[in-house]
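For reference, the structure discussed in these notes is given below.
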Amino acid sequence: MRGVAVFLALLLCLYWTWAQGETAGGNRKEDVPFEIEGVKAAQDHSSRHANVTPDIWAELKELRDMAIEQKIEVREQMNTVHIHCLVNLNSEKPKYIYFFQRNFLCYPCSSYTLFNYLEFCCLIREPSFTFSALIFFLTVTSNVFTVLKARLSTSEKQVEELKRESTERPKVAFSLGLTDAGGVGPFNTDITLKFSKVFYNFGEAYNPVSGFFTAPVRGAYYFRFTMWEYRTSYSMTVSLFHNDKRVMWNFDRNDEFYVNMSNALILQLEKGDLVYMTLHSGYSLYDTANNLVTFSGFLLFPL
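Using mature numbering (1 follows the signal peptide of the UniProt record, and there is no 0), the letters of the sequence shown correspond one by one to residues -19 to -1, 1 to 284.
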């Protein structure tokens, strides 16, 4: 169609140029004398001009009609191509819809995916699909909300279960001091140390009368102690027992001012197991209100 328009424009330019040339030639003929033969030639040329002009206008009219026909034909072809495109889009709708639905499922909160889906629906010129896209987006959002709500409910149940386990799990912890009397020992035999100053004894697992810690549940327990001797030339030797088994032995001697020693360990205990400390015969400790000799422990976790 653009080529036809260019062709018509070229024809009009040529015709205008030819007309200007003829006008200029006529003026020259008026100024220059000519003979009878020249008059005859000019008359013949004028006759040809009179015959050619209607032919050009007829050709231009024919070209215009052809351009109109081509315009109509091109429009019909464009409509046909558009119909074919719509048919192809409609035939591919399941594939496109699957693509957008998959993106919705992967990115349910993505407005970009929704706009792409709406653009696709507008491209196929079916408002029902645009409405369907909105309905589908709302449905997916509702499903996501349902999933999140279920997850939240599950998390709340897990939190409640943890709270219940934390409430039901026994809490065991103790922190003790030996005495305010000063020197303890030496004795002629090994003795069980009875820590009489109770700073904390949650769960009442330690008995300050017997000096025994009794495990209330099976689990892992942490124990720690600190010993002190203030008197010169006195020595300390203590042991930590698990039931009848010694699991720790510690020694130090005060040669000058004072000595102290500390140690710790973790034990796996069964329910009812005993843990206690002994002072060996011939050795001593020294404790005051400053709590120089201590014994502590707690349940790490049940097993």
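For every residue, glycine included, the Cβ atom is placed at its ideal position computed from N, Cα and C.
It should be emphasised that the depicted structure is a prediction, and the values quoted were computed from it without experimental measurement.
Residue environment for Asn224: exposed (fewer than 16 other C-beta atoms within 10 angstroms of its C-beta). For Leu281, the CB contacts under 8 Å within the same chain, skipping 5 residues up- and downstream, are Gly200, Ala201, Tyr202, Tyr203, Ile247 in chain order. Following the DSSP letters along the chain, one finds Arg199 in no beta strand (DSSP E), marked with neither H nor E. When the five nearest sequence neighbours on each side are left out, the beta carbons in the same chain lying within less than 6 Å of the beta carbon of Gln249 are those of Ala201, in order along the chain. Sequence-distant partners of Thr275 (beyond 5 residues in either direction) whose C-beta falls short of 6 Å from its own C-beta, in its chain, are Gly158, Thr207. The Cβ atoms of Phe176 and Pro189 lie closer than 8 Å to each other.
Between the segment 259 to 275 and the segment 152 to 171 there are three or more inter-stretch CB-CB distances shorter than 8 Å, so the stretches are counted as touching. In the three-state reduction of the DSSP assignment, Lys252 falls in the coil class.
One thing to note: Arg205 has its Cβ no nearer than 8 Å to the Cβ of Ser265. Ser147 sits in a helix when the DSSP states are folded into three classes. Ranked by how close their Cα comes to the Cα of Gly192, the residues Ala162, Val228, Phe155 have Phe155 in first place.
With 16 or more other Cβ atoms inside 10 Å of its own Cβ, Asn235 counts as buried. Under the three-state reduction of DSSP output, Asp225 falls in the coil class, being neither helix nor strand. In this structure, Gly164 sits near Tyr267, with a CB-CB distance shorter than 8 Å.
The alpha-carbon separation between Thr269 and Trp230 amounts to approximately 23 Å.
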